[in-house]
Amino acid sequence: LGEADLPGSMSKLLERQLALNPGLEVVVKNNKSGKHAGYFDEVNGGIIGLTAGRANTQTFFHENAHRLEAFIRHTGDKELIKLWERGEQMYRNDIARELGIKPEKVTKTQLNEYFTDRVADYGTGMSKGIVNKISNWSKLMVSKLKQFLFGKSNLNKRDIKRLLGEKVYKGF
-14 LGEADLPGSM SKLLERQLAL NPGLEVVVKN NKSGKHAGYF DEVNGGIIGL TAGRANTQTF
46 FHENAHRLEA FIRHTGDKEL IKLWERGEQM YRNDIARELG IKPEKVTKTQ LNEYFTDRVA
106 DYGTGMSKGI VNKISNWSKL MVSKLKQFLF GKSNLNKRDI KRLLGEKVYK GF
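For the record, in the sequence shown the residue sitting at position 145 is 130 according to my numbering, with numbers rising by one throughout.
Here's what the structure looks like:
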């Protein structure tokens, strides 16, 4: 898990996620003056870096969502790539509203970071106790049922974030 120390809840989360994600490597650093609480380093073997004292559950799942996107693109699975890109585009108006800009002014990076956060929300929610788990699980089941009955083309943005978020939470 690296040399730095994390709060007990984060350590337990990382132990669980390392077991669920073959090939996942997490490095914890003490660099509290850095700009980011976490990063995903695709170039150096897909390492997730977390900053002790700044990283939290959302940080981990956000970086693991970047790892999922890299995995999807690396496999060349056109259907999953299309699902990811469709999910990003469906959140364009949300991030534009949040940033106070026109949707066409949203950059690819802003869109990707925002969508990655939405995908990470599922894992973060599943880590917050039994009531949240039941709520998220029931919503996920509805999304899976919609996908089964009507296909991926009929999924809304919340369905897409849940389906991809499940992979980030359960491991891949």
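Using N, Cα and C, we set each Cβ at its ideal position, and we do this for glycine too. All values reported here derive from a predicted model rather than from experimental measurement.
- Within the DSSP secondary-structure output, Lys14 pairs in a beta bridge with Thr36.
- If you look at Tyr107, you'll find it in the alpha helix (DSSP H) that goes 93 to 111.
- With distances taken between CA atoms, Leu130 lies nearest to Arg147 out of Leu53, Gln74, Arg147.
- With fewer than 16 neighbouring CB atoms inside 10 Å of its own CB, Ala4 falls in the exposed class.
- Cα atoms of Phe56 and Leu125: separation of roughly 22 Å, rounded to the nearest angstrom.
- Its Cα nearest to that of Asn29, the residue Val11 stands out among Val11, Ala40, Ala22.
- Taking the Cα positions, Glu64 is about 35 Å away from Arg39.
- By the neighbour-count criterion, in which a residue is buried when 16 or more other Cβ atoms sit within 10 angstroms of its Cβ, Ile33 is buried.
- The beta carbons of Tyr107 and Gly150 sit closer together than 9 Å.
- If you look at Phe56, you'll find it in the alpha helix (DSSP H) that goes 42 to 60.
- When C-alpha distances from Val91 are compared across Asn78, Arg103, Leu9, the shortest belongs to Asn78.
- Here the alpha carbons of Asp26 and Ser128 stand approximately 31 Å from one another.
- Annotated as proximal: Leu9 and Asn49, with beta-carbon spacing under 9 Å.
- Under DSSP, Tyr154 shares a beta bridge with no residue.
- When DSSP states are grouped into helix, strand and coil, Gly136 belongs to the coil group.
- Remark: C-beta atoms of Leu140 and Val104 do not approach each other more closely than 9 Å.
- Of the candidates Ile119, Phe46, Asp144, Met111, Asp144 places its Cα closest to the Cα of Arg71.
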